[in-house]
Amino acid sequence: MLKATILYDAGCRFCNRSKRLGERLDWLGRFQWTPSPQRMGAIVLLDGPAEHRGWRAVKRMALWTPATYLAAALAAALLIALGLTPPIALAATAAALALMFSPLSNPLGDPAYAWVARNRLRIMGEEQCEWKPPSEETR
Numbered sequence: 021m022l023k024a025t026i027l028y029d030a031g032c033r034f035c036n037r038s039k040r041l042g043e044r045l046d047w048l049g050r051f052q053w054t055p056s057p058q059r060m061g062a063i064v065l066l067d068g069p070a071e072h073r074g075w076r077a078v079k080r081m082a083l084w085t086p087a088t089y090l091a092a093a094l095a096a097a098l099l100i101a102l103g104l105t106p107p108i109a110l111a112a113t114a115a116a117l118a119l120m121f122s123p124l125s126n127p128l129g130d131p132a133y134a135w136v137a138r139n140r141l142r143i144m145g146e147e148q149c150e151w152k153p154p155s156e157e158t159r
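Heads up, the sequence shown is in the working numbering, so the first residue is 21 and it goes up one at a time.
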């Protein structure tokens, strides 16, 4: 079974805690976590869809399958939750469906995710991200 790849900011404690929790709950082994600066992360950051390339993509979680890009930000978090262990997936499915089909999903969910993504370093008591975007020469 080919695993979906989750890109995350390895220099962020909030993202690392999310990764550790996701790994513990991924009993079926559906996901592979890849820090953005590593080879797969660099490929996605440079060759992915235009709206998800470069520095902007590092600031949010993204989910990819071997065939295609799936989602970023809140949508990626919901899809990951749906793919976790059955009891968690069941609860996540109910919550995700309620959120996805709620008229408040886009006006509230996306800005809330964006706020957490922008402030994740401050939430975890950090000053700045350790990761730097790849230089033009490495592209």
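Where a beta carbon is used, it is the ideal one built from N, C-alpha and C, also for glycine.
- Look at Pro-55 here: in three-state DSSP terms it is strand.
- The beta carbons of Ala-116 and Ala-101 sit about 6 Å from each other, so the pair counts as a contact at 8 Å.
- Here Leu-48 carries a coil assignment [DSSP, helix/strand/coil].
- DSSP places Leu-27 within a strand segment (E or B) once states are collapsed to three.
- CA-to-CA, the gap between Leu-94 and Leu-119 works out to about 10 Å.
- Pro-55 is positioned such that its CB atom lies closer than 7 Å to that of Ala-30.
- Taking the Cα positions, Gln-52 is about 9 Å away from Glu-43.
- Residue environment analysis places Ala-112 among the buried positions, since at least 16 neighbouring C-beta atoms fall within 10 angstroms of its C-beta.
- Shortest Cα-Cα distance from Ile-143 to any of Leu-48, Cys-35, Pro-123, Lys-39 involves Cys-35.
- Ser-38 and Pro-131 have their C-alpha atoms roughly 19 Å apart.
- For Leu-104, there is no enclosing alpha helix (DSSP H), as DSSP marks it with neither H nor E.
- Its Cα nearest to that of Gly-129, the residue Leu-98 stands out among Leu-110, Leu-98, Leu-104.
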